[in-house]
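Read left to right, the sequence shown gives residues 83 to 462 (the working numbering).
The C-beta atom is built at its ideal place from N, Cα and C for all residues, glycine as well.
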Amino acid sequence: MTTIATATGGPSGPPDQQGPATGPSAAPASEPEVRIRFGGITGPGLTSLLGAAVGSFALCWLLYERLLPLSGAQGFLLSWYVLFLAMYWGIGRTQWDPRTVRENLARVVVCSAGLAVTALIVDQVFFVGEMGEHAASHANFYTQDMERTASLSPITSGGALAAVIGSLEQLGLATLFAVPLGIATAVYLAEVGGRGARAVRTVVEAMTALPSIVAGLFVLGVVILTLGLQQSGFAASLALTVMMMPIVTRASEVVLRLVPGTLREASYALGSSQWRTVWSVVLPTARRGLVTAVVLGMARGVGETSPVLLTSGFTAQFNANPFNDHQVSLPLFIWNYVRYPSSDMVARAFAAGLLLMFVVLVLFVTARLLAGRSYQGGSR
């Protein structure tokens, strides 16, 4: 918790040159210097933390099981957490000053929030892995499609190869469309501006909260029904582009505004134009942040189901051509087969969910590694 170190100061100089500290002209003695170091766990702090946790758990159990007609695991955990904070604050008030109590309480709240989020993510991963382990443990799941697999077919038949190829192709096309448009819009908002910047920013912020099914309906009505384009992976990538572009734009704008203005001023002082400054100074400086913006957009698009359902259709056959006929993707594969009454079909759907999380993880790690290498190369 918070530790306080006290250092005392005295008159400086050699002892033989120091006069007596008496008389009206004598300098007042220096005050003790107090240094406050935040971080670390002390013995009393750890004891107080464990005591508050155990005491609040016992009190919550007494209220739930003996005194009040309450039940439910979620209510128990929430009540335990509230009682724990109250009891920890009370214990801290008996031994620390108010500032230290507030510091320790804030640290406990922040750390517990991080642990709760991590626990939820780990629980989801293990749940999906447990439900889909029966199908994911067979090699045919990664090498076959569902064309010759029925509801009662054994688990050794069928797989999600077609869905993996469809997801990668649709996400790749959507990224190819959304990233240049999103970054160009962000450059306009952050570097150019003008009268239209406020209207463009308002539209982008509104599109950030756009329901995914509206994007699918837009592509269905404009591209498929009006222009005559058939349902395909390309149409699905257009719908994903509508979902990804505002995310890339907003995140890229924030990153570009974080570039120090002194770098722009130095470039202008050397005679560079605005577009040259943006291309050679601003964008390379914000490269890692821009890659993060792209990853956020890809994470938004890779798991969308409703726009893909309306624009790409569903098929059990393998189709590696996104510009012709229906094409299945991993979210659509999960949505279709998780509704089957067969336990093997449900296992295939959960295995596809596990595979989808793995694909997102691979994309994220690859993007971060490429961003790190590019940043190091540019810094040289």
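Residue burial classification, Thr57 (beta-carbon count within 10 angstroms, cutoff 16) = Residue numbering for the chain in the displayed model covers 83 to 462; residue 57 lies beyond these limits and cannot be assessed.
Helix, strand or coil: how does DSSP classify Gly310 here?
-> Of the three classes helix, strand and coil, the one that applies to Gly310 here is coil, per DSSP.
According to the Cβ coordinates, are Met325 and Glu287 closer than 9 Å?
-> No, Cβ-Cβ distance for Met325 and Glu287 is not below 9 Å.
Mind checking whether Glu229 and Phe400 have CB atoms under 9 Å apart?
-> The answer is yes: Cβ separation under 9 Å.
Using a Cβ cut-off of 9 Å (strictly closer), state whether Ala195 contacts chain B.
-> Going by chain labels, chain B is absent from the structure shown, which holds only one protein chain.
Is the beta carbon of Ile306 less than 9 Å from the beta carbon of Thr200?
-> Not a contact, by the Cβ cut-off of 9 Å.
By a C-beta neighbour count over all protein chains shown, 10 Å radius and 16 as the cutoff for buried, is Pro151 buried or exposed?
-> Label assigned to Pro151: exposed.
Find out if the Cβ-Cβ distance for the pair Pro389, Ala321 is shorter than 9 Å.
-> In this structure, Ala321 lies closer than 9 Å to Pro389 by Cβ.
For the region 260–326, list the alpha helix (DSSP H) runs that are entirely contained and at least 4 residues long, ordered along the chain.
-> Secondary structure within the region 260–326: the alpha helix (DSSP H) runs of 4 or more consecutive residues, fully enclosed, are 279–290, 294–301 (chain order).
Check the C-beta distance from Ser411 over to Ser249 and give it rounded, since I have them as a contact under 8 Å.
-> Yes, they are in contact, since the Cβ atoms of Ser411 and Ser249 sit about 4 Å apart, within 8 Å.
For Ala368, which residues from the same chain have a beta carbon less than 6 Å from its beta carbon, with the 5 sequence-adjacent residues on both sides left out?
-> Within the same chain, Cβ atoms closer than 6 Å to the Cβ of Ala368 are found at Val337, Leu338, Val341, the five residues on either side in sequence being excluded.
Could you give the distance in angstroms between the alpha-carbon of Leu451 and the alpha-carbon of Arg346?
-> Using only the alpha carbons, I get a separation of about 27 Å.
For Cys193, does the count of other Cβ atoms within 10 angstroms reach 16, so buried, or fall short, so exposed?
-> Result: exposed.
For Trp171, collect the residues of the same chain with a Cβ closer than 8 Å to its Cβ; drop the 5 residues on either side in sequence, then sort them by chain order.
-> Close CB contacts of Trp171 within its chain, under the 8 Å cut and outside five residues either way in sequence, are with Val183, Leu187 (chain order).
Answer yes if the region 424–442 comes into contact with the region 204–218, meaning at least three C-beta pairs across the two stretches below 8 Å, and no otherwise.
-> As far as the Cβ criterion goes, the region 204–218 touches the region 424–442, which means the pair count is three or higher.
Excluding the five sequence neighbours on either side, which residues of its own chain have a C-beta within less than 8 Å of the C-beta of Ser354, listed in chain order?
-> In its chain, beyond the 5 residues on either side, Ser362, Val363 have a beta carbon closer than 8 Å to the beta carbon of Ser354.
Got a sec, what are the start and stop residues for the alpha helix (DSSP H) Phe396 sits in?
-> From DSSP, Phe396 is part of no alpha helix (DSSP H); its letter is neither H nor E.
Would you report the Cα separation of Thr308 and Tyr163, rounded to the nearest angstrom?
-> Approximately 56 Å between the Cα atoms of the pair.
When every heavy atom of the ligand ZN is checked, does at least one fall within less than 8 Å of the C-beta of Ser235?
-> The ligand ZN is not part of the structure shown, which contains no ligands of any sort.
Check each candidate in Asn222, Gln312, Ala134, Phe259 and name the one with the smallest Cα separation from Phe405.
-> Answer by Cα proximity: Gln312.
Using three-state DSSP, classify Tyr170 as helix, strand or coil.
-> Helix at Tyr170.
Whole-angstrom distance between Leu253 and Asp227, CA atom to CA atom | Put simply, the backbone Cα of Asp227 is about 20 Å away from that of Leu253.
Going by CA-CA distance only, name the one from Arg421, Val447, Ile416, Tyr422 that's closest to Leu438.
-> When Arg421, Val447, Ile416, Tyr422 are compared, the shortest CA-CA separation from Leu438 is found for Ile416.
Roughly how many whole angstroms lie between the Cα atoms of Val282 and Leu271?
-> Across the structure, Val282 and Leu271 are spaced so that their CA atoms are roughly 8 Å apart.
Going by other Cβ atoms of all chains shown within 10 Å of its Cβ, with 16 needed for buried, is Ile237 buried or exposed?
-> Ile237 is buried by the Cβ-count criterion.
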